[in-house]
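Be aware that the sequence shown starts at 306, since it is given in the numbering used here, and climbs by one per residue.
Read through the structure below, which is laid out as structure tokens, and then see the notes.
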Amino acid sequence: MSIRRMHEGGGVSSFFTTALLVLTLFAGIFAIVWTVSGITSLEYQIGELENRKARALKERKKIESELYTLRSMQYVQEQGLGLSIPDRQRVFYVKSDRFTVRQAVDRNKGEQ
Numbered sequence: 306m307s308i309r310r311m312h313e314g315g316g317v318s319s320f321f322t323t324a325l326l327v328l329t330l331f332a333g334i335f336a337i338v339w340t341v342s343g344i345t346s347l348e349y350q351i352g353e354l355e356n357r358k359a360r361a362l363k364e365r366k367k368i369e370s371e372l373y374t375l376r377s378m379q380y381v382q383e384q385g386l387g388l389s390i391p392d393r394q395r396v397f398y399v400k401s402d403r404f405t406v407r408q409a410v411d412r413n414k415g416e417q
């Protein structure tokens, strides 16, 4: 509808009605786009929270494993099996000569 026809057919009220319908249409489209954008943002946040949850569960399993290891070491120590956690000063490192089995056998034959 042209403005001239609206002016002839209904005047100003018809123009305002059309303008109101157009504005309502644009407002509706804007509301839909805004809602979809908000939903997408929430989906990203949910994904991030799921990743944090997965990392926390992995960390929890690791900590539980360490706890069970410490408990088992404590159990062995409490049973009096003569095992204890060594002090750093009482640890001795043994270096090997890096002989293969064949070299060690040949070496032992030469000594006999």
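Every residue, glycine too, gets a C-beta built ideally from N, C-alpha and C.
Note that the structure is predicted; figures quoted are calculated from it, not measured.
ask   = So, helix, strand or coil for Tyr-349, using DSSP?
value = Sequence index remark: in the sequence shown, residue 349 carries index 44 (1-based). Tyr-349 falls in the helix class under three-state DSSP.
request  = Note down the Cα distance separating Ile-337 from Phe-321, rounded to an integer number of angstroms.
outcome  = Looking up residue 337 in the sequence shown gives position 32. Looking up residue 321 in the sequence shown gives position 16. Their Cα atoms are separated by approximately 24 Å.
inquiry  = Using only the alpha-carbon positions, how far apart do Arg-360 and Glu-353 sit?
reply    = On the sequence shown, residue 360 is found 55 positions in, with the first residue counted as 1. On the sequence shown, residue 353 is found 48 positions in, with the first residue counted as 1. Roughly 11 Å separates the two Cα atoms.
key: Gly-343 (DSSP reduced to helix, strand or coil)   = Against the sequence shown, residue 343 aligns to sequence position 38. Three-state result, Gly-343: helix.
message = Taking only three categories from DSSP, how would you classify Gly-316?
response = Mapped onto the sequence shown, residue 316 falls at position 11. Reduced to three states, the DSSP call for Gly-316 is coil.
ask   = Near Gly-333, what residues of its chain come up, given a Cβ to Cβ distance below 8 Å and the 5 sequence neighbours on each side ignored?
value = Looking up residue 333 in the sequence shown gives position 28. If we look at Gly-333 and ignore the five residues flanking it on each side, it has no Cβ neighbours.
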